[in-house]
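>
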Amino acid sequence: MRRNPVGGLLRSLDFPWRPPTVPLSAPPAHVPAALGADFDTDWARRWPARMVRASIIELLWRPVVAAAAQPTRLGLDRLEALDGEPVIFAANHHSHLDTPLLMTSVPEPWRHTLIVAAAADYFFPTRPKGVASALFMGAVPVERARVGRDSAQEVAGLVRRGWSLLLYPEGGRSTDGWGQPFRGGAAYLAHRCDVPVVPVYLAGTRKILPKGRLVPTPGRTLVVFGDPVRPDPSERIRTLGARIEAAVAALADEVTTDWWQARHRVHTGTTPTLTGPDAASWRRAWALSHRSKPRARRWPR
1 MRRNPVGGLL RSLDFPWRPP TVPLSAPPAH VPAALGADFD TDWARRWPAR MVRASIIELL
61 WRPVVAAAAQ PTRLGLDRLE ALDGEPVIFA ANHHSHLDTP LLMTSVPEPW RHTLIVAAAA
121 DYFFPTRPKG VASALFMGAV PVERARVGRD SAQEVAGLVR RGWSLLLYPE GGRSTDGWGQ
181 PFRGGAAYLA HRCDVPVVPV YLAGTRKILP KGRLVPTPGR TLVVFGDPVR PDPSERIRTL
241 GARIEAAVAA LADEVTTDWW QARHRVHTGT TPTLTGPDAA SWRRAWALSH RSKPRARRWP
301 R
């Protein structure tokens with residue numbers, strides 16, 4: 001028997017053509033949007049989005065960063081031995097300017113295969129902000145309060161597929177100019193994916209765009225790349241994390257003094273920490289201003 005196409009169409013429709021599946025008095029079910037750590041960013045790593053992001057980096061961010069931050073980049077020669085393999089760039093964090101500065105400072109072949117680990121609660125709370133973060137920065141959501149299994153697996157999978165990662169191990173921007181203790185995310189991912197970590201020290205971004213300010217004040221910045229830190233399979237993640245933090249601290253010491261003194265302190269175990277003295281706020285502010293003053297370079301005799 002031939003079926004009635006109109007009847008089939010009506011049967012495929014929902015209420016009022018078909019009986020409701022729930023009482024009409026019941027409130028409609030709310031399906032929460034996939035935000036925060038569950039935000040989908042796969043589309044941002046496909047070629048159309050990558051081409052848009054590359055254009056933004058080269059045509060927008062590069063001239064803006066050059067005008068506002070006037071960056072000096074050091075240590076790029078230390079990356080030559082990597083031969084383009086995927087790496088994790090681990091940097092100190094003072095300002096929202098840090099990410100554009102680093103994305104325009106990281107050389108090829110990593111610049112346009114770079115993803116940024118971004119705090120899920122800050123960069124992906126709404127769909128428009130999440131789309132902008134993924135498109136403009138190549139951001140992927142991570143939980144900064146802890147190493148979430150799902151987000152860590154996603155990032156680890158991307159690194160294994162050839163993507164490099166920019167990560168701020170402190171978990172957030174500095175509030176007073178001193179650093180914060182490094183968390184274990186960079187060490188965990190490096191150990192799990194067996195990729196080197198490139199320590200990076202940034203200076204000057206807090207003066208240009210500190211936390212809480214929306215309009216930058218033009219100034220000068222410094223980006224220093226360090227020697228890659230390679231994980232040892234038998235090494236504990238905590239030990240690797242301490243090595244990464246010490247490498248960034250050594251770069252900071254190198255900037256504020258000179259290479260010779262910084263290397264001497266590395267070998268004697270007396271490198272100043274990134275977190276500053278454990279003292280009152282006025283004492284920390286004084287120590288920070290003293291550390292920031294340029295010093296005459298002293299060379300070995």
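Residue numbers (the numbering used here): 1 to 301.
In this text, a Cβ means the ideal position worked out from N, Cα and C, and glycines have one as well.
For clarity, every value in this text was computed on a predicted model and none was experimentally measured.
For Ala49, tell me which candidate among Gly138, Arg73 and Pro199 has the shortest Cα-Cα distance.
The residue you call residue 49 lines up with position 49 of the sequence shown. The shortest Cα separation from Ala49 among Gly138, Arg73 and Pro199 belongs to Gly138.
> Would DSSP call Arg111 helix, strand or coil?
The residue you call residue 111 lines up with position 111 of the sequence shown. Helix, per DSSP.
> With a Cβ-Cβ cutoff of 8 Å, do Val116 and Val197 count as a contact?
The residue you call residue 116 lines up with position 116 of the sequence shown. The residue you call residue 197 lines up with position 197 of the sequence shown. For Val116 and Val197, no; Cβs fall outside 8 Å.
> Using only the alpha-carbon positions, how far apart do His94 and Pro169 sit?
Locating residue 94 in the sequence shown gives position 94, where the first residue counts as 1. Locating residue 169 in the sequence shown gives position 169, where the first residue counts as 1. Straight-line Cα distance between these residues: approximately 12 Å.
> Using a Cβ-Cβ cutoff of less than 7 Å, which residues in the same chain neighbour Asn92 once the five nearest sequence positions on both sides are dropped?
For the purposes of this step, residue 92 is taken as residue 92 along the sequence shown, with counting starting at 1. Once the five neighbours on either side are set aside, the close Cβ partners of Asn92 are Glu170, Gly179, Tyr201, Leu202, Val248 and Leu274.
> Quick check on DSSP: helix, strand or coil for Phe123?
Your numbering for residue 123 matches position 123 in the sequence shown. Helix at Phe123.
> First and last residue of the beta strand (DSSP E) that includes Val224?
In the sequence shown, the residue the question calls residue 224 occupies position 224. Its beta strand (DSSP E) spans residues Thr221 to Phe225.
> Are there 16 or more other CB atoms within 10 angstroms of the CB of Glu235, so buried, or fewer, so exposed?
By one-based count along the sequence shown, residue 235 stands at place 235. With fewer than 16 other Cβ atoms within 10 Å, it is exposed.
> Entirely within the segment 238-282 and at least 4 residues each: give me those alpha helix (DSSP H) ranges in chain order.
259-268
> Which one of Ala66, Ser55, Trp47 and Arg62 has the shortest CA to CA distance from Gly219?
If you number the sequence shown from 1, residue 219 lands on position 219. With distances taken between Cα atoms, Gly219 lies closest to Ala66.
> Below 7 Å CB to CB, which residues in the same chain sit around Thr175 once its five sequence neighbours on both sides are set aside?
Counting from one through the sequence shown, the residue named residue 175 turns up at place 175. Here the set comprises Lys211.
> Within the same chain, show all residues whose beta-carbon is closer than 7 Å to that of Pro199, passing over the 5 residues directly before and after it, in chain order.
Reading the sequence shown from its first residue, position 199 is the one you call residue 199. Apart from the 5 residues on each side of it in sequence, Pro199 sits with its Cβ closer than 7 Å to the Cβ of Ala90, Gly226, Val229, Ile244, Ala247, Val248 and Leu251 in its chain, given in chain order.
> Just how far apart, CA to CA, sit Ala132 and Trp260?
Translated into the one-based positions of the sequence shown, residue 132 becomes position 132. Translated into the one-based positions of the sequence shown, residue 260 becomes position 260. Approximately 43 Å between the Cα atoms of the pair.
> For Trp47, count neighbouring C-beta atoms within 10 Å of its own C-beta (all shown protein chains included) and say buried if the count is 16 or more, exposed if not.
Counting from 1 along the sequence shown, the entry for residue 47 is found at position 47. Under this definition Trp47 is an exposed residue.
> Can you list, in chain order, the residues of its chain with a C-beta nearer than 8 Å to that of Ala186? Leave out the 5 residues immediately preceding and following it.
Taking the sequence shown and counting its residues from 1, the one referred to as residue 186 is at position 186. Result list for Ala186: Ile88, Ala90, Leu167, Pro169, Val197, Gly241 and Ile244, in chain order.
> Return the chain-ordered list of same chain residues with a C-beta closer than 7 Å to the C-beta of Gly73, the five sequence neighbours on each side being excluded.
Locating residue 73 in the sequence shown gives position 73, where the first residue counts as 1. Position check: residue 73 holds Arg in this sequence, whereas Gly was assumed. Cβ within range, chain order: Ser105 and Val223.
> Can you look up Trp299 in the DSSP assignment and give me helix, strand or coil?
Locating residue 299 in the sequence shown gives position 299, counting from the first residue. Caution applies to Trp299, whose pLDDT of 47 falls short of 50 and renders its modelled position unreliable; the value that the coordinates give is listed next. Correct three-state label for Trp299: coil.
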